[in-house]
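One structure is given below, encoded as structure tokens.
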Amino acid sequence: MNFVDEAEIYVKAGDGGPGAVSFRREKYVPRGGPDGGDGGKGGDVIFQVDPGLNTLQSFRHKRRFLAQKGRAGAGKKMHGRSGADLVVKVPAGTIVRDLDTGLVLADLTTPGQRWIAARGGLGGKGNARFATATNQAPRYSQEGLKGEERRFRLELKLLADVGLVGAPNAGKSTLLSRCSAAKPKIADYPFTTLVPHLGVVEVNTEESFVMADIPGLIEGAHSGVGMGADFLKHIERTSVLLHVLDVSVGMDEAIKQYEMIRQELLSFNHSLLSKATVVALNKIDISDPKEVTAIKKWLEAKGERVFLISAYTGEGLGSLIPTLLNEVKIHKNEFGRHGQEAV
Ligand SMILES: Nc1nc2c(ncn2[C@@H]2O[C@H](COP(=O)(O)OP(=O)(O)OP(=O)(O)O)[C@@H](O)[C@H]2O)c(=O)[nH]1
Ligand SMILES: [Mg+2]
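Quick note on my numbering: the sequence shown kicks off at 339 and runs consecutively.
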């Protein structure tokens, strides 16, 4: 089961800059005193919660984070510039563990929350700092301290953005496996899916959403018949529903199934029906196009937004997936993730 998103990363804070060895040189002033300035501090690596993120997907593309080094000190007691901090954005709900020991180091939950993941090294002292009564012209300075270097394991309990609903065998699991890395079991009999599965749908390199596949719903599901009731609660917390309807069975049967699912959602919790919903007419690769068109018209007359897809061949997903992302963006905050448990 893929309920947790994980990533292993390496962070290194900036090293401190070295202190300078320098002596005052002024006209007519022989043997000027030491004036080497201190090195700058290295930048910290800081994790910061960004409410716009909902997965650790970006850490699949980038796993090493290095903050800037401090600059060297210079003559005239000039301090080296400090290295810039590196802010790494993480989603709310990220748990940071030490990769080696597994110990939880931070639990980042509130938007904007910051945690210093690695501290930059202090800059070295310049030779000006080492002048004493007995050594008025020290020819040494300190190196900067090394920035901290650490390896972490990030974990995020996934919360679904889009919930798949539909009758058994409609093709929900096929759809999830088509558009995410999740590998739910798929078979040509009802009730293949026994527990919810989650998958991250990567829409482009920056944007993704989490899709939840739940067991198929049958009549009476809301009152505990079949697998339904236990799992309907999982989709209560998603911001968008995708109703997957098998249209290969013909118009009459498809509409019957559509109405049955709506009735189950209504009976379970009528607020489910006011959730943003998209209907996917599935299995168009083996359906009669005339029937499909008729079903689409019928649903559109009811005010539904309808897409034609084949979860099997991938046809139609190019327009469905961006629409779902867009809906998630619009409705996400209606069912904010904070304080919720993972599905
Ligand atoms: N031809 C065709 N077959 C499909 C398509 N989508 C799903 N199937 C087939 O339909 C059957 C059921 O698919 P699943 O994805 O397991 O259906 P499900 O909705 O997850 O079913 P439950 O888990 O039992 O609720 C499988 O044999 C799939 O290969 C499609 O677009 N075209
Ligand atoms: Mg399934």
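Note that beta-carbon positions come from the ideal geometry of N, C-alpha and C, so glycine has one too. As the structure is a prediction and not an experimental result, all values here were calculated from the model.
### Query
Are three or more beta carbon pairs between the region 547-554 and the region 528-535 nearer than 8 Å?
Between the region 547-554 and the region 528-535 there are three or more inter-stretch CB-CB distances shorter than 8 Å, so the stretches are counted as touching.
### Message
Given the structure, does S511 come close to ligand 2, in the sense that its CB is under 7 Å from one of the ligand's heavy atoms?
### Response
Because some heavy atom of ligand 2 lies under 7 Å away, the Cβ of S511 counts as near it: yes.
### Query
Is S360 helix, strand or coil by DSSP?
Of the three classes helix, strand and coil, the one that applies to S360 here is coil, per DSSP.
### Message
Once the 5 residues before and after S511 are set aside, which same chain residues still bring their CB inside 6 Å of it?
### Response
Cβ within range, chain order: P522, I524, T531 and D551.
### Query
Does DSSP put N542 in a helix, in a strand, or in coil?
Three-state DSSP puts N542 in coil, outside helix and strand.
### Message
If the criterion is Cβ atoms closer than 8 Å, does the pair F606 and H560 meet it?
### Response
In contact: F606 and H560 (Cβ atoms closer than 8 Å).
### Neighbourhood of H676 by C-beta, 6 Å cutoff - its chain only, sequence neighbours within 5 removed
Confidence at H676 is low in this model, with a pLDDT of 40, below 50, so its placement is unreliable and the value that follows should be read with caution. Here H676 has no same chain residue with a Cβ atom under 6 Å from its own Cβ, once five neighbours each way along the sequence are excluded.
### Integer-rounded CB distance, given that G421 should sit under 8 Å from G374
Contact flag wrong, Cβ pair sits at about 19 Å.
#### Entry: Near ligand 1: G381 beta-carbon under 7 Å from a heavy atom
Incorrect: G381 has no Cβ contact closer than 7 Å to ligand 1.
### Task
Spatial neighbours of R489 within its chain, please: CB distance less than 6 Å, with the 5 preceding and 5 following residues excluded, ordered by chain position.
Taking R489 as the centre and dropping the five residues before and after it, the same chain places the C-beta of Y348 and L437 closer than 6 Å to its C-beta, in chain order.
### Under the three-state DSSP convention, the category D353 falls into
Three-state DSSP puts D353 in coil, outside helix and strand.
### Y596: CB within 7 Å of a non-hydrogen atom of ligand 1
Not under cutoff, so the answer is no.
### Query
Considering only the beta carbon of each residue, do V425 and I454 sit closer than 8 Å?
Against a cut-off of 8 Å, the Cβ pair of I454 and V425 comes out as no contact.
### Query
What is the DSSP secondary structure of R402, reduced to helix, strand or coil?
Three-state result, R402: strand.
### Whole-number beta carbon distance between L580 and L662, since they are thought to touch under 8 Å
Rounded, the Cβ-Cβ distance is 7 Å, consistent with contact.
### Straight-line gap, G458 to L492 (C-alpha atoms, nearest Å)
Each residue's Cα considered, the two are about 21 Å apart.
### Message
My parser needs the beta strand (DSSP E) runs of 3 or more residues fully inside the region 591-636; what are they?
### Response
Listed in chain order, the complete beta strand (DSSP E) runs (minimum 3 residues) inside the region 591-636 are 614-620.
### Query
Is A632 closer than 8 Å to M598 when the C-beta atoms are compared?
The beta carbons of M598 and A632 sit no closer together than 8 Å.
### Query
Do K531 and ligand 2 come close, with the Cβ less than 7 Å from some heavy atom?
Looking at the sequence provided, one finds Thr at residue 531 rather than Lys. T531 Cβ: within cutoff of ligand 2.
### Task
For G674, collect the residues of the same chain with a Cβ closer than 8 Å to its Cβ; drop the 5 residues on either side in sequence, then sort them by chain order.
In this prediction, G674 scores a pLDDT of 46, lower than 50, which makes its location untrustworthy; the coordinate-derived value is nonetheless stated afterwards. The answer is none, since no qualifying residue turns up.
### Task
Indicate, with yes or no, if ligand 2 has a heavy atom lying under 7 Å from the CB of P282.
Residue 282 lies beyond the range of the chain shown here (339 to 681); nothing can be said about it.
### Query
With burial defined as no fewer than 16 other Cβ atoms inside 10 Å of the residue's Cβ, what is the status of E659: buried or exposed?
Checking the sequence, you will find Ile at residue 659 rather than Glu. Flag for I659 reads buried.
### Query
Nearest CA to the CA of Q406: which residue from G371, G355 and P429?
Residue G355 is the option with its Cα nearest to Q406.
### Query
What three-state label does DSSP hand K510 in the structure shown?
K510 falls in the helix class under three-state DSSP.
#### Entry: Cβ-heavy atom distance, D551 to ligand 2, below 7 Å
Residue side-chain check: D551 places its Cβ nearer than 7 Å to a non-hydrogen atom of ligand 2.
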